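Residue numbers (this note's numbering): 61 to 426.
Okay, so here's the structure we're looking at.
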Amino acid sequence: MGVCFMQKQYEVITSEQMMKLLNTWYIHIREENDEIIHNIKREVDEKINRMEENQTLLVYYSLLEFRYKLLNENTIGSEAFPEKVEPEKLDDFLAYYYYFFKGMYEYSLKNYYEAISAYAFAEQKLETIPDEIEKAEFHFKVAWAFSFIPEIHISLQHVQKAKAIFDKYPNYKHRQADCENLLGICKILGKDFESAEIHLISALHLAESLKNNDRLLYRITKDLGYLYAAQNLSEKAIPYLESAYHKQKLYGYKAVFLLAREYFKIGNKQKATEFIEKGIRMCTEIGEQDYIHHLNIINSIYNTHNKKVILDGIAYFRQKKSWAFAEEYAKEYAGYLYQHGKFREACEYYQLALEANNKLQREDIK
């Protein structure tokens, strides 16, 4: 028994065996199969040290390990991208994954223009990837990045390419739901609320047919809440947002932010303040700077009326080239001031909103 154990422990793993295992691991990472992912990771970590020398596979392993860490929202900003890897020395296969994961990393930091730049390099290598599902995954991630600029037309092009592929595979209902969800987001951004609702309800039905779907259901119910919040239908938005929050209490800071804003809108400052405090605690724990600013801004607009916090927040989003947020908050505070008879101050913030909109339009032309 002891001899057999020792032989197994020190058995050399061939490159072919390791490549097959890494590919299997990546497929499950891509599909967000949490339990399987963690089990395979243990096997990968045990075997990588017994693999015959192969620098290419070590690079592939380091990239996949980083991609694995990106699954955990509580590691936002805490994981450095493997910069020691030199992309110009990689073959097309590894260069694709390097730039694709680099784009995902920048996206996780909300550096959307940097993400799109990395995705553009990855796209140059995409034709060398034979896996059709991987191509769909690429277009799906690119679509999300463009939705945040927002470049709705380009986002729609990419998500439709992704959906056309995922729809051919019955086992990819989770990604079909994700695509429907993103189509809904794009329609919200384009103010086509009727179409948005159709896509989001379709996404919800798909998600409800799946097992182990809490992460997916969180996203969809949150975005249904966002749909109604965007139409100032707070009473309709809040139940969806509450449902989303209860599905993801640890890292559901986006739902918490939306809940705080909707409770402010209906005049329930106590509930709104509770969610502001929860959201800031959550975001501080995971280093989520953008949403700390989001939360502080709406608290200042509807509660404390701290102009410095609002101006600092708008300046933060301008510095990050998040012109849509800079415009949104300047316009939102201008509207609040106007409703309370402070017309001169309202004009100042409408001017800030106009400047941000002009910047956004210029970025669209580039």
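C-beta: ideal position from N, C-alpha, C; glycine also.
Everything numeric in this text was worked out from a predicted model, so none of it was measured.
Cβ-based burial, residue i [other Cβ within 10 Å; buried from 16]
{"i": "residue 353", "result": "buried"}
{"i": "residue 407", "result": "exposed"}
{"i": "residue 75", "result": "exposed"}
{"i": "residue 326", "result": "exposed"}
{"i": "residue 102", "result": "exposed"}
{"i": "residue 229", "result": "exposed"}
{"i": "residue 99", "result": "exposed"}
{"i": "residue 359", "result": "buried"}
{"i": "residue 238", "result": "buried"}
{"i": "residue 294", "result": "buried"}
{"i": "residue 375", "result": "exposed"}
{"i": "residue 425", "result": "Caution applies to residue 425, whose pLDDT of 37 falls short of 50 and renders its modelled position unreliable; the value that the coordinates give is listed next. Burial call: exposed."}
{"i": "residue 8", "result": "Because residue 8 is not part of the residues shown, which for the chain are 61 to 426, the question remains open."}
{"i": "residue 403", "result": "exposed"}
{"i": "residue 270", "result": "exposed"}
{"i": "residue 224", "result": "exposed"}
{"i": "residue 308", "result": "buried"}
{"i": "residue 234", "result": "buried"}
{"i": "residue 191", "result": "exposed"}
{"i": "residue 148", "result": "exposed"}
{"i": "residue 310", "result": "exposed"}
{"i": "residue 80", "result": "exposed"}
Which of helix, strand or coil DSSP assigns to residue i
{"i": "residue 189", "result": "coil"}
{"i": "residue 73", "result": "strand"}
Cβ separation of residue i and residue j, assumed to be a contact under 8 Å, to the nearest whole Å
{"i": "residue 128", "j": "residue 89", "result": "6 Å"}
{"i": "residue 494", "j": "residue 266", "result": "No answer is possible for residue 494: it lies beyond the span of the chain, which begins at 61 and ends at 426."}
{"i": "residue 126", "j": "residue 142", "result": "6 Å"}
{"i": "residue 112", "j": "residue 145", "result": "Not really, about 21 Å apart at Cβ, beyond 8 Å."}
{"i": "residue 396", "j": "residue 361", "result": "6 Å"}
{"i": "residue 363", "j": "residue 314", "result": "In fact, because the Cβ distance is near 20 Å, the residues do not count as touching under 8 Å."}
{"i": "residue 378", "j": "residue 416", "result": "7 Å"}
{"i": "residue 193", "j": "residue 206", "result": "Contact doesn't hold; Cβ gap of about 21 Å is too wide."}
Terminal residues of the alpha helix (DSSP H) in which residue i lies
{"i": "residue 226", "result": "212–226"}
{"i": "residue 242", "result": "233–249"}
{"i": "residue 316", "result": "313–325"}
{"i": "residue 26", "result": "The chain is shown only over 61 to 426; residue 26 falls outside these bounds and no answer can be derived."}
{"i": "residue 262", "result": "253–268"}
{"i": "residue 484", "result": "The question about residue 484 has no answer, for the chain in this structure spans 61 to 426."}
{"i": "residue 98", "result": "94–108"}
{"i": "residue 151", "result": "Careful: residue 151 lies outside any alpha helix (DSSP H) and carries neither H nor E."}
{"i": "residue 340", "result": "329–346"}
{"i": "residue 353", "result": "349–359"}
{"i": "residue 281", "result": "274–290"}
Next on the checklist: Check whether the region 243–253 and the region 279–297 touch, using three or more Cβ-Cβ pairs below 8 Å as the test.
Outcome noted: yes
Next on the checklist: Any contact between the region 219–230 and the region 177–184? By contact I mean 3 or more CB pairs, one from each, below 8 Å.
Outcome noted: no
Next on the checklist: Contact between the region 143–153 and the region 180–193 is defined here as three or more beta-carbon pairs at a separation below 8 Å; is this criterion met?
Outcome noted: yes
Item to check | At least three beta-carbon pairs within less than 8 Å, the region 337–346 to the region 369–387 | outcome: no
Checklist entry - Is the region 319–335 touching the region 287–304, taking contact as three or more C-beta pairs under 8 Å? => result yes
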